[in-house]
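The sequence shown: position 28 = 28 (the UniProt record's numbering), numbered continuously. Yeah, the Cβ is synthetic: ideal placement off N, Cα and C, and Gly gets one too.
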Amino acid sequence: MLAVFSQTLAPTPDSDNNGHPGSVDFLKDESLVVKHFQSLDSAPVIFKIGSSALMAYSPDSTNGSGSWSFDSRGDIFCLFKGSIENVLDEPKDRMGPVNYIARVIEACKAVPPPPPGFTKLLPLRQFTGNFAVIFYDANEKHVIVHPGRDEYELYRGFDSAGNIVVSDDPVVVEKACSKTC
């Protein structure tokens, strides 16, 4: 999984920002993302959201601990991996299996955008379980990265343009940023 967000969405301190020798700008050259994911999986899902975000994942790749799921609702895009323990399981004959990612999107949509400098993690605090979430609201220009626990570790770094790069694969972040955080 890979998510890249413009530095305008997630400003970084100058000490962390850009200038790493050998790093690339994934938002300008998405062919690098395509090549990397095609080397891992023959059917990656890669999408660019305007000039501010890029998300990619391999639905069949488990990377050791389950696969990523994707959903979008209007201008909201979400990648989800894991399970939520405190969500009631509707009868499978009426509603199908629990759709955790839909619950996450609805919870995040229900909370108004936070003031500058504050995060919108409050809606995710209501859920217990082991899960990771990458949430992007293109209309509100808001990003949530919830790294989950132990088995769903996420790595981050900054590419040559200062864009934030998030992945569950440290090699991807290292390639984009020449270092991981």
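Comparing alpha-carbon positions, the option among L124, G74, P112 and F47 lying closest to S83 turns out to be L124.
Annotation: Q7 to T128 spans about 30 Å, alpha carbon to alpha carbon. The Cβ neighbour count for V166, taken over all protein chains shown within 10 Å, is at least 16; the residue is labelled buried. Distance between D29 and N139, taken at the CA atoms: about 24 Å. As computed with DSSP, F135 is found in a beta bridge with C78 and I144. With a cut-off of 8 Å on Cβ pairs, the region 49-58 is not in contact with the region 98-109, counting fewer than three such pairs. Judged by DSSP in its simplified three-state form, K28 adopts coil rather than helix or strand. In this structure D137 is buried. Its beta-carbon is surrounded by 16 or more other beta-carbon atoms within 10 angstroms. In the three-state DSSP reduction, L2 falls in the strand class (E or B).
A direct Cα-to-Cα measurement between K141 and S51 gives close to 12 Å.
Nearest to F135 by C-alpha distance, out of D71, D159, P44 and G157, is D71. Taking 7 Å as the cut-off, the beta carbon of Y152 is found no closer than this to the beta carbon of V173. Beta-carbon to beta-carbon, I49 and F77 are separated by about 6 Å, close enough to satisfy the 8 Å threshold. As DSSP reads the structure, K48 sits in a beta bridge with L54. The three-state secondary structure of V111, taken from DSSP, is coil.
For the set P147, P170 and D75, the Cα lying nearest the Cα of G157 is the one of P170.
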